[in-house]
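For the sequence shown, the numbering used here gives the first residue as 106, with consecutive numbering after it.
We put the beta carbon where it would ideally sit given N, CA and C, even for glycine.
Remarks on the structure that follows.
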Amino acid sequence: MFVLGVETSCDETSASVVADGEVKSNVISSQIVHSRFGGVVPELASRAHLRLIIRVVEEALAQAGVAKGDLDAVAATQGPGLAGALLVGLSFAKAFAFGRRIPFVGINHLEGHLYSNLLTRPAHGFPFLSLVVSGGHTMLVHVERPFHHRVLGQTRDDAAGEAFDKVSRMLGLGYPGGPIIDARAKLGNPRAIDFPRAFLGEGYEFSFSGIKTAVLYYLRRRGLPVPFREGEQAHAELINDICASFQEAIVDVLVSKTVAAAKEFRAREVSIAGGVSANTRRRNRLRTEAETVGFRLFTPPLEYCMDNGAMIAYVGWMRLVAGERSSFEIPVAANLELT
Ligand code: KG4
Ligand code: ZN
Numbered sequence: 106m107f108v109l110g111v112e113t114s115c116d117e118t119s120a121s122v123v124a125d126g127e128v129k130s131n132v133i134s135s136q137i138v139h140s141r142f143g144g145v146v147p148e149l150a151s152r153a154h155l156r157l158i159i160r161v162v163e164e165a166l167a168q169a170g171v172a173k174g175d176l177d178a179v180a181a182t183q184g185p186g187l188a189g190a191l192l193v194g195l196s197f198a199k200a201f202a203f204g205r206r207i208p209f210v211g212i213n214h215l216e217g218h219l220y221s222n223l224l225t226r227p228a229h230g231f232p233f234l235s236l237v238v239s240g241g242h243t244m245l246v247h248v249e250r251p252f253h254h255r256v257l258g259q260t261r262d263d264a265a266g267e268a269f270d271k272v273s274r275m276l277g278l279g280y281p282g283g284p285i286i287d288a289r290a291k292l293g294n295p296r297a298i299d300f301p302r303a304f305l306g307e308g309y310e311f312s313f314s315g316i317k318t319a320v321l322y323y324l325r326r327r328g329l330p331v332p333f334r335e336g337e338q339a340h341a342e343l344i345n346d347i348c349a350s351f352q353e354a355i356v357d358v359l360v361s362k363t364v365a366a367a368k369e370f371r372a373r374e375v376s377i378a379g380g381v382s383a384n385t386r387r388r389n390r391l392r393t394e395a396e397t398v399g400f401r402l403f404t405p406p407l408e409y410c411m412d413n414g415a416m417i418a419y420v421g422w423m424r425l426v427a428g429e430r431s432s433f434e435i436p437v438a439a440n441l442e443l444t
């Protein structure tokens, strides 16, 4: 069964062809229009999706060597995400499926992230524990078997990636902040500043807005301008220390909660998803913990960790095989939750 997957929930326009659970193509166009605003501008995202969607889908078909007529179904992200952005992909997918008289299925973006580890390892054993950390989400989920999962905890305010992006903007370092802070942190001292670690050792809920404010107060206390303008060389070492200490606080929380859950649920396998899983410090720390505690750590390749069409096509395929279809009437669901 050939399934076309379409993802447009945020600032990646992506399409993929999955054939019986095997990825044939995964085309991701990351919108760069947002970088000078220090964050995603919803209206610009919708317009960029409109401009890109047809080209991205055609490229996904070409790379897969699949003609439109070969497709058996279309899957698209229904939510959560930016309403206008979701609308582009969902409407495109519906129209495409309707025009070709093939089934259409709307997908929960979070399920896409949750099962993205299966893209490279279909024979993967359930149950597993999943840590989803991106610009929009931070959650720990226990996955018993396909579509039987329990959210152990999620963020009460900002997502981890959002905190990286906001702190990066305060420091005048650019967008997206994660990779920049990751690189600068390597040059700094993670113990230089003691930033708060919210809910450390207290269950599986997260909170990342306090640390962002703590960085702001720290800069103010030192009489430094916010935001720093890029190229303030005099403070380069201080910025490196802030990056390292900030990142360490975030990673401490992510790692300790993941390890606690792995122990409580006796998980033999822990999988990571979302853009923040690219973070090198988190990778290294969790790898060490995995060896000590005794679980397997699985991080899918980055193209499946970030927002991508393949995870949507894959979950679409799982749902279609189980006999599911969506009505052409389903609306976008900006606040869709993982249930
Ligand atoms: O999954 P993703 O591509 O899109 C969303 O669904 O949000 O994640 C993007 C987020 C951004 O906030 C970005 O700053 C963060 O992932 N990120 C990182 C790193 N690379 C990307 N955060 C920390 N360290 C990184 N190396
Ligand atoms: Zn995402």
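The beta carbon of H242 is closer than 6 Å to those of A264 in its chain, skipping five residues each way along the sequence. For S431, the three-state secondary structure derived from DSSP is coil.
A direct Cα-to-Cα measurement between V320 and F351 gives close to 8 Å. Going by beta carbons, V145 and D125 fall outside the 8 Å limit.
No heavy atom of the ligand KG4 is found nearer than 7 Å to the CB of P295.
Counted as a single uninterrupted DSSP element, the stretch harbouring T404 is not any beta strand (DSSP E), since DSSP gives it neither H nor E. Between T363 and D287 a beta carbon distance of about 18 Å is seen, past the 8 Å cut, so the two are scored as non-contacting. Looking at the DSSP output, T118 shares a beta bridge with S134. R371 and F197 have their C-alpha atoms some 43 Å from each other. Burial check for V331: the Cβ neighbour count within 10 Å stays below 16, so the residue is exposed.
With respect to the C-alpha of V437, the residue from G194, E342, I298 having the closest C-alpha is G194. For F231 and E342, the gap between their C-alpha atoms comes out near 45 Å. DSSP places H253 inside the beta strand (DSSP E), whose first and last residues are 253-259. With respect to the 8 Å criterion, S121 and Y280 are not classified as neighbours on the basis of their beta carbons.
Between the alpha carbons of E394 and R302 lies a distance of about 19 Å. Exclusion of the five residues before and after S314 leaves D262, D263, A268 as the residues of its chain whose Cβ lies within less than 8 Å of its Cβ.
Distance from the C-beta of S119 to the nearest heavy atom of the ligand ZN is not below 7 Å.
Look at L305 here: in three-state DSSP terms it is coil, with no helix or strand label.
The beta carbon of R334 is closer than 8 Å to those of G277 in its chain, skipping five residues each way along the sequence.
Collapsing the DSSP output to three states places I212 in a strand. Near the ligand ZN, residues with a Cβ at less than 7 Å from any of the ligand's heavy atoms are S114, C115, H214, H218, S239, G241, H242, G379, D412; the list follows chain order. Using a cutoff of 7 Å, the CB of F400 does not count as near the ligand KG4, since none of the ligand's heavy atoms is closer than that. For the pair T113 and L191, the CB atoms are nearer than the 8 Å cut-off. Taking all protein chains in view, the Cβ of N440 is surrounded by fewer than 16 other Cβ atoms within 10 Å, so the residue is classified as exposed.
DSSP, read as helix, strand or coil, puts I316 in helix. Exclusion of the five residues before and after M106 leaves D125, D177 as the residues of its chain whose Cβ lies within less than 6 Å of its Cβ. In the DSSP annotation of this structure, M244 is not part of any alpha helix (DSSP H); the continuous beta strand (DSSP E) holding it starts and ends at 243-250. Taking the Cα of L391 as reference, the smallest distance to any Cα among A165, M416, N294, V358 is reached at V358. Under the DSSP assignment, G126 falls outside any alpha helix (DSSP H); it carries neither an H nor an E label. DSSP places L187 in the coil class of the three-state scheme, outside both helix and strand. With respect to the C-alpha of S151, the residue from S376, A188, E216, V420 having the closest C-alpha is A188.
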